[in-house]
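Here's the structure, in structure tokens; my notes come after.
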Amino acid sequence: MTLTNTQPITVLLCALGGEGGGVLAEWLSDVARHAGYPAQATSIPGVAQRTGATTYYLEFFPVPFAGLGGRRPVFGLNPLPGRLDLLVSSELLETVRQIGNGLASATHTCVITSSSRTLTTQEKMQLGDGRRDDAALLPVVRQHSQRHHVLDMAQLTREAGTVVSAVMLGCIAASGVLPFARGLFEDVVRGGKGASAGKAAQASLRGFALGFETVQRQREQARQVEELLMNEGPDDATAHRPAAAATPEQAAALARFPSALRERVALGHARAVDYQNAAYGQLYLQRLQRVLAAEQQADPAGAGGFAATHEMARWLALWMAFDDIVRVADLKSRASRWQRVQGEVKAADTDLLKVYDHFKPGVPEFAALLPQRWAARLQRHDRARTARGLQPWALPLKVGTHTLGGMLALRTLAGLRWLRPHGQRYATEQALIGQWLDGVVQGLAAHPELGLEIARCGRLIKGYGSTNERGKDNLLHVLRHLAQAGADTAAGPDPQERARAVAAAREAALADEAGTALDATLRAHGAPARPVREQPIRWMRKPRAAATP
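The number in this note's numbering is simply the position in the sequence shown, starting from 1, with 486 added.
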């Protein structure tokens, strides 16, 4: 191939604010310079932080200066659609956004992307689950790349205690797109050949190594698969797939569920057991089996893929593991949490790390663990206090989790999970779960679509305090006035009609916190709006006017 027809190697880097994209571009330029290859780098700044990303475009001529005979290549300043050789991004949605711009090509583009997500402003603003579906993003990467490497760069960054740009550099070095040896990349990070790496450079080298080894391992696995497929017939290609390992206990618990449901059911069961005990996990499975039996009766052929049971497996596990002071104390005092904090602040073994947790439990939190009679008496006292215009009682606490006393206090409180089933909150939550469960089963008996929509109403239960209470009130109101309205009469509303009404009410409840959209939707489907809740009137003293001199 003549120099006239030789094309530069084109690379596009996509980084969010504060991730070191500029440093990564400089590293790559320095690698080319030290190796004696022509290169050029340009950058296009994005909008502030997560609403955009700064992209860095680099071109490398694959012939060193020594082979150019004094000539210099002409580089471009911006990438051309479909002409990229390498697209590297630290965030999955940003990768898809660049692919959507037409920059990647299925014929020759290598895409390296992180599987982790940094939520956009629009995703965070949604009252419901506003996250983009990752399952819909990954096929886009596969479809528009000649080969691709997907890895959790955020996890590797935390393990190395560095910034993601170092991990991205290791991925680029291992991709084989650039004609440079690994040692050149490491020398540039170190500050020069033979230079001693400082503390920051050592962290960057750890991140580089993790990224390099992950991509190299993926390339080796892909090569072995290709060789295997070339040497085996089509009937033998699937014979070597290893079976998923499962303990006898897990296999026995999941045996009654269709294979398509077992992964999610296993996750929900593990959450229930971790929250309380094995008996609580068994209660979770019994509830799901009841839903599955109703769905199998409504849809014997399984044409719907047991969608209602699939939804219930998620939302039931989340509701059964409701937040209380025992749960919070358990999560705050786990060893994994301390390790995460150490990683976030990048504390070394010789550093002194102090962690303070601030709590403000009130009467509802303490009453939750008391028997019904005691809890009702305590709540009456607090309501009387509120009716007099006073603020609800709460106890501000500052607990040093790094101290022996603070950790003992949290672990003692976390050990009170045995008391949870005897408390008022447990009884209340289980009764409400039972009402929802009955609604799903009755809905499935009327029509599979109605049961599915009622199961999806589990999304309404989220948060804590007033947000959690409002979600449960909304769920019960939808159940009584839309899902079950006229169900006991022959001339009642059509089940599919009720399913559409339930779906519309659910989306309206998640649309705004005030519930204006929900009330409008309820009235539009012939149901009464939610009752107005009483709010106490609090009297404030009029501030005295400042005395004039």
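Positions of the beta carbon are idealized from the N, C-alpha and C atoms, including for glycine.
Query                                                                                                                                                                             : Result
Write down every uninterrupted run of the alpha helix (DSSP H) in the segment 759 to 839 whose length is 4 residues or greater and which is fully enclosed by it, in chain order. : 764 to 784, 793 to 806, 811 to 818, 821 to 831
Using a 10 Å radius around the Cβ and a threshold of 16 neighbouring Cβ atoms, would you call P857 buried or exposed?                                                             : exposed
Given a cut-off of 8 Å, decide if L691 and V675 are closer than it, judged by their beta-carbon atoms.                                                                            : yes
Leaving out five residues before and five after K840 in sequence, what residues of the same chain have Cβ atoms less than 7 Å from its Cβ?                                        : G886, H888
Are L890 and K818 close, meaning C-beta to C-beta below 8 Å?                                                                                                                      : no
Tell me the rounded alpha-carbon separation between C596 and V649.                                                                                                                : 23 Å
Please report how far the alpha carbon of L771 lies from the alpha carbon of Q916, in whole angstroms.                                                                            : 14 Å
Could you check what DSSP says for T599 in three-state terms: helix, strand or coil?                                                                                              : strand
Does the distance from the C-beta atom of P565 to that of Y543 stay below 8 Å?                                                                                                    : yes
Considering only residues of the same chain and omitting the five flanking positions on each side of A640, which have a CB-CB separation below 6 Å?                               : S602
Going by DSSP, what residues sit across from K884 in a beta bridge?                                                                                                               : H844
Can you name the residues that DSSP bridges to R633?                                                                                                                              : C596
Would you mind working out which of Y842, A746, W922, V1018 sits nearest W805, comparing C-alpha positions?                                                                       : W922
From which residue to which residue does the alpha helix (DSSP H) around V674 run?                                                                                                : 668 to 676
I need the DSSP call for E577, collapsed to helix, strand or coil.                                                                                                                : coil
Excluding five sequence neighbours on each side, which residues of the same chain lie with their C-beta closer than 6 Å to the C-beta of V582?                                    : L623, V626
Within the continuous beta strand (DSSP E) that includes L499, where are the two ends?                                                                                            : 495 to 501
What residue from L573, E580, L642, H520 has the CA that sits closest to Q552's CA?                                                                                               : Sequence inspection shows Ala at residue 552; the Gln mentioned does not correspond to that position. The candidate whose alpha carbon is nearest that of A552 is H520.
Which same chain residues end up closer than 8 Å to Q629 when comparing Cβ atoms and leaving out the 5 residues on each side of it in sequence?                                   : A592
Measure the alpha-carbon distance for G925 versus L962 and round it to whole angstroms.                                                                                           : 10 Å
Taking its Cβ as the centre, do 16 or more other Cβ atoms sit within 10 Å of D571, making it buried, or is it exposed?                                                            : buried
What does a CB cutoff of less than 7 Å around R773 pick up in its chain, not counting 5 residues either side in sequence?                                                         : L802, L923
How many Å lie between V812 and Y912 at the Cα?                                                                                                                                   : 12 Å
Quick check on Y950: does DSSP put it in helix, strand or coil?                                                                                                                   : coil
When DSSP labels each residue in this structure, what does A989 get in the three-state scheme?                                                                                    : helix
Quick one: what does DSSP say Y523 is sitting in, helix, strand or coil?                                                                                                          : coil
Have a look at A646, D619, M654 and flag the residue whose alpha-carbon is nearest the alpha-carbon of V636.                                                                      : M654
For the beta strand (DSSP E) holding T540, just list the boundary residues, first then last.                                                                                      : 540 to 546
Which partner residues does S591 have in the DSSP bridge list?                                                                                                                    : S591 pairs with nothing; no bridge assigned.
Provide the residue(s) that pair with I530 in DSSP beta bridges, ordered along the chain.                                                                                         : T541
For the alpha helix (DSSP H) that F852 lies in, which residues bound it at each end?                                                                                              : 849 to 853
Compute the Euclidean distance between the alpha carbons of P531 and D619, then round it to the nearest angstrom.                                                                 : 27 Å
Can you list, in chain order, the residues of its chain whose CB lies under 8 Å from that of D516, leaving out five sequence neighbours each side?                                : V674
Would the segment 991 to 1003 count as touching the segment 942 to 953 if we require 3 or more Cβ pairs under 8 Å?                                                                : yes
Relative to the C-alpha of Q828, which residue among F671, H844, R903, A646 is closest?                                                                                           : A646
Can you find the residues in the same chain that come closer than 7 Å, C-beta to C-beta, to A900, ignoring five residues on each side of it along the sequence?                   : V812, A815, D816, S819
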